[in-house]
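Here's the structure, in structure tokens; my notes come after.
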Amino acid sequence: MNKQLLNAWAKPIFDFYRELAAIVKDTRFDMDMLDKAEDLVRRMPRGNPDPLDDALYEAMSQSMQQALLDQARLSRVKTLSIADDFGPVQSAIDKFDSKSPVLSAMSHAEWQAQPLAIRDRSFWSARVENEKLVQSMKALLQANISQKRIQLSNNKEAFVDRNVFIMLARQIALDEGLDTKEGNVVTNIASQRRLGLIFDFQTGSAQNYARWKIGNDPDFMDGFPACELSESRARHPRSNAFWASRWQESGQAVNWEGAHQTKFIALKNSPIWTALSRFGLPWPPFEFGSTRVLEQVSREETEKLGLLGPDDDVPPAPDRQFNDDMRQSVSDLDPNRRDALQAMMGDQVDIQGGGNDAVWVGSLVAGLVAEAAGGGPVTRSNIISFGSATNTAVDKAADVPKDLSLPGTRMVMDAQDVKALLKSDKPTDTKDIELIPHVWRRPDRIRIGDGNRSLRFDKSIIGRRASVNFEMDPKQRAWRVTGADIK
Amino acid sequence: MKINLRVIDNMTPDLRWRMQLLQNKRPLLGRIGEEAAGAIRDHYKALPARSDGIPSGNFWQREGSDKIGVPEIGQESVTVRVSSVPMAHKYKGGRVEAKFKKALCFPIFDNLTSTIHLIMVKAVTHKPDPRARMEESEMSQRLLVVIRDYFDRLFKRGK
Numbered sequence: 005m006n007k008q009l010l011n012a013w014a015k016p017i018f019d020f021y022r023e024l025a026a027i028v029k030d031t032r033f034d035m036d037m038l039d040k041a042e043d044l045v046r047r048m049p050r051g052n053p054d055p056l057d058d059a060l061y062e063a064m065s066q067s068m069q070q071a072l073l074d075q076a077r078l079s080r081v082k083t084l085s086i087a088d089d090f091g092p093v094q095s096a097i098d099k100f101d102s103k104s105p106v107l108s109a110m111s112h113a114e115w116q117a118q119p120l121a122i123r124d125r126s127f128w129s130a131r132v133e134n135e136k137l138v139q140s141m142k143a144l145l146q147a148n149i150s151q152k153r154i155q156l157s158n159n160k161e162a163f164v165d166r167n168v169f170i171m172l173a174r175q176i177a178l179d180e181g182l183d184t185k186e187g188n189v190v191t192n193i194a195s196q197r198r199l200g201l202i203f204d205f206q207t208g209s210a211q212n213y214a215r216w217k218i219g220n221d222p223d224f225m226d227g228f229p230a231c232e233l234s235e236s237r238a239r240h241p242r243s244n245a246f247w248a249s250r251w252q253e254s255g256q257a258v259n260w261e262g263a264h265q266t267k268f269i270a271l272k273n274s275p276i277w278t279a280l281s282r283f284g285l286p287w288p289p290f291e292f293g294s295t296r297v298l299e300q301v302s303r304e305e306t307e308k309l310g311l312l313g314p315d316d317d318v319p320p321a322p323d324r325q326f327n328d329d330m331r332q333s334v335s336d337l338d339p340n341r342r343d344a345l346q347a348m349m350g351d352q353v354d355i356q357g358g359g360n361d362a363v364w365v366g367s368l369v370a371g372l373v374a375e376a377a378g379g380g381p382v383t384r385s386n387i388i389s390f391g392s393a394t395n396t397a398v399d400k401a402a403d404v405p406k407d408l409s410l411p412g413t414r415m416v417m418d419a420q421d422v423k424a425l426l427k428s429d430k431p432t433d434t435k436d437i438e439l440i441p442h443v444w445r446r447p448d449r450i451r452i453g454d455g456n457r458s459l460r461f462d463k464s465i466i467g468r469r470a471s472v473n474f475e476m477d478p479k480q481r482a483w484r485v486t487g488a489d490i491k
Numbered sequence: 098m099k100i101n102l103r104v105i106d107n108m109t110p111d112l113r114w115r116m117q118l119l120q121n122k123r124p125l126l127g128r129i130g131e132e133a134a135g136a137i138r139d140h141y142k143a144l145p146a147r148s149d150g151i152p153s154g155n156f157w158q159r160e161g162s163d164k165i166g167v168p169e170i171g172q173e174s175v176t177v178r179v180s181s182v183p184m185a186h187k188y189k190g191g192r193v194e195a196k197f198k199k200a201l202c203f204p205i206f207d208n209l210t211s212t213i214h215l216i217m218v219k220a221v222t223h224k225p226d227p228r229a230r231m232e233e234s235e236m237s238q239r240l241l242v243v244i245r246d247y248f249d250r251l252f253k254r255g256k
């Protein structure tokens, strides 16, 4: 502490008390003395505490720094432990698992015209309607993101990296006759180029989503309220001019809200990020084949660039706003387009919540499984319809008795049905239950089932043999699952 | 590679007292985590590319720098992770067998003719490469600066 500063601040105050004491001591106690004392108190010096405050702060700061240095010397900062764990990131796994496989003949441009909520929650590839390929690609990518080994046909096990994914998916595409004979071009689903693009986009998107999610944690945003688009790490990158031009277009489109005009830096909740993306998502990749990621920008740097003032609060996290946008993207659809979407997707998609939420069949089944396996009471209150019998199913059931005919009937399932499947003598894996709606939609064969008013649907799907028994509920004209054997 | 940083363990009584004054340690932990991730990124960037004549596949960047993240910020600790199976193999070493074909294929650079030859083997055993994991001592000084700066700023803001 600086003694001179303390004395300079304290002297007028001590002088005041001495004068006050002299008045009290030396003057007879009467109204005159009280008036003098009151007058003196009114003129009491306050002193200027600012220099003292600065000195006090400096002293505390130095003491703190000394304490930290002492701590480092004494305990060698045993606050850090490095473990040999190179494992997966849970939020990336969760994000990818939440996507439901969707088969559709739509081109990439047609997909891009669909609501974001639908694109982001589905696993699709333009113009690919082959169930086995789509399911297999998703399973291989899931294994990559969750770092799980897959079982090979020669009984060996292997991790799925980019090369393994391309090799196995390509083999399935060739086996299924999907090679367009165009060569190694992106329009050919059997080409290495197209499959490599799928791998890079899906794994990159899941990993970058995980970073985006933690980056939007309010406590993390306290230190890093902005992001910067990194340099490219591609072997043959797009030119900087390409991204500079895209940045200018996107910035002007959002009126430079929270974004710097020359550097590729913007606040995390700036709309420029979604405007920059070809896919409408606020996390990378922002373009096919792009290796640019988002790097954190500190609060100090953000202030230097003028995106935030020193006294500004950290802007709110953008993930809630993004989720609202997702809902909006479905509710904005006019009823005609929504009907057209359902016609294209069939009963793979269910638009709920008064038209505000798009839910895929896989997500619906996952919800039932969670209820059935959750340990709480399982009711029949949440009955989910998986759609009317398809033309494929009707054709395959041409020979069944009339009282079991499929036209005009639908398939329903609730949590009690799922619970019965999980507890049956042929227990069904929770992932297998997601296959049941696909068996209902596109069976290979339909025959008379076990029990009264029953049909059994058989189907080969993603290398497995599924046989599902459906029983007719005549009142509801609906079929319920009463057994499943999936090997 | 998973790094756990615990901020209140083994502190001097003075620093522990200051830490306990923080009602919410997560903002500080977030800064520490990001700094740790940056330190690891710099560590991988500083490693030299292969010099045996075979074109570099940018392994340290592809499986190291690009795979670092801060997946979790807890109340008392932060996790920094390099999420990569090939990097785990690099660090731990181990045996690699041919799984899809009859043999593995390796490139070898011939200095005399400046050509690349391919050799085929059924399996290969890699030794652990300690460069895959950053040492604790390399990182602690950088983290200390972050902690010091954080308190410094906190005092200024409070003042």
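Order-wise, the sequence lines are chains U and Y.
Each residue of the first sequence is one higher than the one before, counting from 5 in the working numbering.
Each residue of the second sequence is one higher than the one before, counting from 98 in the working numbering.
Glycine included, each C-beta is placed from N, C-alpha and C at the ideal position.
Residue i - DSSP class collapsed to helix/strand/coil
i         : result
Ala470(U) : strand
Ala220(Y) : strand
Pro105(U) : strand
Ala245(U) : helix
Leu201(Y) : strand
Asp497(U) : Because chain U is modelled from 5 through 491, residue 497(U) falls outside the range shown and cannot be assessed.
Ala245(Y) : In the sequence on display, residue 245(Y) carries Arg and not Ala. DSSP places Arg245(Y) in helix when its eight states are reduced to three.
Lys406(U) : helix
Phe292(U) : coil
Pro172(Y) : Per the sequence shown, residue 172(Y) should be read as Gln rather than Pro. Coil, per DSSP.
Leu60(U)  : helix
His214(Y) : strand
Gln139(U) : helix
Ala12(U)  : helix
Asp317(U) : coil
Val382(U) : coil
Limits of the alpha helix (DSSP H) - the one that residue i falls within
i         : result
Val93(U)  : Neither: Val93(U) is in no alpha helix (DSSP H) and is coded neither H nor E.
Leu425(U) : 419-427
Gln211(U) : 196-219
Ile276(U) : 276-280
Ile3(U)   : What is shown of chain U runs 5 to 491, which leaves residue 3(U) out entirely.
Euclidean distance between Cα positions of residue i and residue j
i         : j         : result
Ile548(U) : Lys15(U)  : No statement about residue 548(U) is possible, as the shown extent of chain U runs from 5 to 491 and does not include it.
Ser236(U) : Arg192(Y) : 34 Å
Lys164(Y) : Gly412(U) : 52 Å
Ser104(U) : Arg125(U) : 7 Å
Pro124(Y) : Phe224(U) : 6 Å
Pro230(Y) : Ala195(Y) : Note that residue 230(Y) is Arg in the sequence shown, not Pro. Going by the C-alpha atoms only, they are around 27 Å apart.
Leu120(U) : Ser129(U) : 15 Å
Val422(U) : His264(U) : 53 Å
Val472(U) : Asp418(U) : 16 Å
His145(Y) : Trp157(Y) : Note that residue 145(Y) corresponds to Pro in the displayed sequence, not to His. Roughly 9 Å between the two C-alpha positions.
Asn192(U) : Pro478(U) : 46 Å
Trp277(U) : Trp287(U) : 7 Å
Element boundaries [beta strand (DSSP E), containing residue i]
i         : result
Asp489(U) : 482-490
Glu232(U) : 230-233
Gly191(Y) : 191-194
Ser389(U) : 388-392
Gln175(U) : Per DSSP, Gln175(U) belongs to no beta strand (DSSP E); it is in the alpha helix (DSSP H), 166-179.
Leu271(U) : 269-271
Glu299(U) : 298-301
Assigned exposure category for residue i - 16 Cβ within 10 Å defines buried
i         : result
Gly130(Y) : buried
Ser385(U) : exposed
Gly127(Y) : buried
Pro275(U) : buried
Thr396(U) : exposed
Glu253(U) : exposed
Met476(U) : buried
Phe390(U) : buried
His223(Y) : exposed
Asn493(U) : One cannot answer for residue 493(U) here, as it falls past the ends of chain U, which runs 5 to 491.
Phe461(U) : buried
Query - Sufficient close CB pairs (3 or more, under 8 Å) joining the stretch 172-183 of chain Y to the stretch 204-220 of chain Y - result: Contact fails: fewer than three Cβ-Cβ distances are below 8 Å.
Requested in this report: Determine, using beta-carbon pairs with one atom in the stretch 207-216 of chain U and one in the stretch 93-109 of chain U, whether at least three such pairs fall under 8 Å.
Outcome: Touching, yes, given that three or more Cβ pairs across the two stretches are closer than 8 Å.
**Report entry** Inter-stretch contact (C-beta, 8 Å, three-pair minimum) for the stretch 44-64 of chain U and the stretch 9-24 of chain U
**Finding:** Yes, since at least three Cβ pairs between the stretch 44-64 of chain U and the stretch 9-24 of chain U fall closer than 8 Å, the two stretches touch.
Query raised in the report: Are the stretch 299-313 of chain U and the stretch 241-248 of chain U in contact at 8 Å, needing three or more beta carbon pairs?
Result: Segments in contact, no.
Report task. Say whether the stretch 148-156 of chain U touches the stretch 125-139 of chain U, bearing in mind that this needs 3 or more beta-carbon pairs closer than 8 Å, one atom from each stretch. Result -> Under the three-pair Cβ rule at 8 Å, the stretch 148-156 of chain U does not count as touching the stretch 125-139 of chain U.
Query - Contact between the stretch 258-272 of chain U and the stretch 189-200 of chain U (3+ Cβ pairs under 8 Å) - result: Touching, no, given that fewer than three Cβ pairs across the two stretches are closer than 8 Å.
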